[in-house]
Ligand SMILES: C[S@@+](CC[C@H](N)C(=O)[O-])C[C@H]1O[C@@H](n2cnc3c(N)ncnc32)[C@H](O)[C@@H]1O
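In our numbering, the protein residues as written are -1 to 271.
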């Protein structure tokens, strides 16, 4: 069932100050339909009435902001990143005076992606006998997920792709949960940042952007086309020349359309030209 969401968007904007028009229409329609079913409603007009209620609106907004993530979510991409991209960045960085490799996990959710990045960087430093000269910034528009990332406490489900060796090295067990080791936690700088914020070019915590790597995974496809472009433009401008952009497998085409990158290794890793 495809629902007309104009009235719904109106009430959510008026009552709760949230603009639903930024989302991709099929995704929005599917989410609304699901929420209506969960509420046991068939008529859009009934759902509109229900949305005047704050907690129902909160449920709709939460289901639009899917925050699903896991460590090493795309193992192939992380493998390529570790074996092919990182060595190049370390090599490039050797010749820079006081240089650092700058990375940004731009929709980091509860932190699994940023900590996965921190793990491979930490291991690369150990393997190459180099002192850490990298910085990882991790941002999300939701302060709730950032709070959870800062705590760094994960259930086994999020850790399915983490090897036993990594579990032993980078985590501490606490009952049924695993806590990120304090030393690793210190290498990631988490902050709240909305990619659609028009008042800044990059997250303020990073001061000037100029990233060598940006992970922008599994966030573009939720937005309508002009919003995707807006986000991509911001991220592209924040990347240094020759920097790498990593998106979700389903988002490759969105990047290919803007002609600012070459696709690397046939994967969802792109290099800025
Ligand atoms: C599905 S999760 C993806 C997490 C991780 N990047 C991954 O691939 O596993 C999408 C995340 O994007 C965040 N997000 C959505 N819109 C955003 C925006 N405009 N600015 C920053 N974060 C956003 C959501 O809050 C959510 O945590």
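In this text, a Cβ means the ideal position worked out from N, Cα and C, and glycines have one as well.
| Asked | Found |
| --- | --- |
| Closest to residue 174 by C-alpha separation, out of 152, 252, 161 and 190, would be which residue? | 152 |
| I think residue 128 touches residue 70, with their Cβ atoms under 8 Å apart; what is that distance to the nearest whole Å? | 22 Å between Cβ atoms; not a contact. |
| Have a look at 159, 21, 47 and 250 and flag the residue whose alpha-carbon is nearest the alpha-carbon of residue 77. | 159 |
| Less than 8 Å between C-beta atoms, sequence neighbours within five positions excluded: which residues of the same chain meet that for residue 134? | 101, 102, 103, 112, 115, 116, 119, 185, 186 and 187 |
| Taking the alpha-carbon of residue 270 as reference, which of 242, 254 and 264 has the nearest alpha-carbon? | 242 |
| Kindly give me the distance between the Cβ atoms of residue 31 and residue 62, rounded to whole angstroms, as I take these residues to be in contact under 8 Å. | About 13 Å; that fails the 8 Å criterion. |
| Of all the options 228, 223 and 181, which has the alpha carbon lying nearest to the alpha carbon of residue 198? | 228 |
| So is the beta-carbon of residue 22 under 8 Å away from any non-hydrogen atom of ligand 1? | no |
| Using beta-carbon positions only, say whether residue 157 and residue 68 come within less than 9 Å of one another. | yes |
| If you draw a straight line from the C-alpha of residue 15 to the C-alpha of residue 57, how long is it? | 15 Å |
| Pull up the distance between the alpha-carbon of residue 8 and that of residue 47, whole angstroms please. | 12 Å |
| Taking 9 Å as the cut-off, decide whether the C-beta atoms of residue 20 and residue 221 are in contact. | yes |
| Starting from the C-beta of residue 178, find all residues in its chain whose C-beta is less than 6 Å away, skip the five residues before and the five after it, and write them out in chain order. | 113 and 150 |
| Which same chain residues end up closer than 7 Å to residue 267 when comparing Cβ atoms and leaving out the 5 residues on each side of it in sequence? | 75, 78, 79, 83, 242 and 244 |
| Measuring only from the beta carbon, is residue 233 closer than 8 Å to any heavy atom that is part of ligand 1? | no |
| Can you tell me whether residue -1 is buried or exposed, with buried defined as 16 or more other CB within 10 angstroms of its CB? | Caution applies to residue -1, whose pLDDT of 43 falls short of 50 and renders its modelled position unreliable; the value that the coordinates give is listed next. Flag for residue -1 reads exposed. |
| For a quick check, are the C-beta atoms of residue 232 and residue 204 less than 9 Å apart? | no |
| Terminal residues of the continuous beta strand (DSSP E) containing residue 242? | 237 to 245 |
| At a cut-off of 8 Å, would you count residue 191 as near ligand 1, judging by its Cβ distance to the nearest heavy atom? | yes |
| Let me check you understand the geometry: is the CB of residue 197 closer than 8 Å to at least one non-hydrogen atom of ligand 1? | no |
| Between residue 66 and ligand 1, is the CB less than 8 Å from at least one heavy atom? | yes |
| Ligand 1 heavy atoms versus the CB of residue 137: any closer than 8 Å? | yes |
| Need the endpoints of the beta strand (DSSP E) that residue 132 sits in, please. | 132 to 138 |
| In three-state DSSP terms, what is residue 200? | coil |
| Where does residue 106 fall in DSSP's three states? | coil |
| Going by beta-carbon coordinates alone, are residue 107 and residue 138 separated by less than 9 Å? | yes |
| What number of angstroms, rounded off, separates the C-alpha of residue 240 from the C-alpha of residue 210? | 8 Å |
| Assign residue 162 to one of two classes, buried (16 or more other C-beta atoms within 10 Å of its C-beta) or exposed (fewer than that). | exposed |
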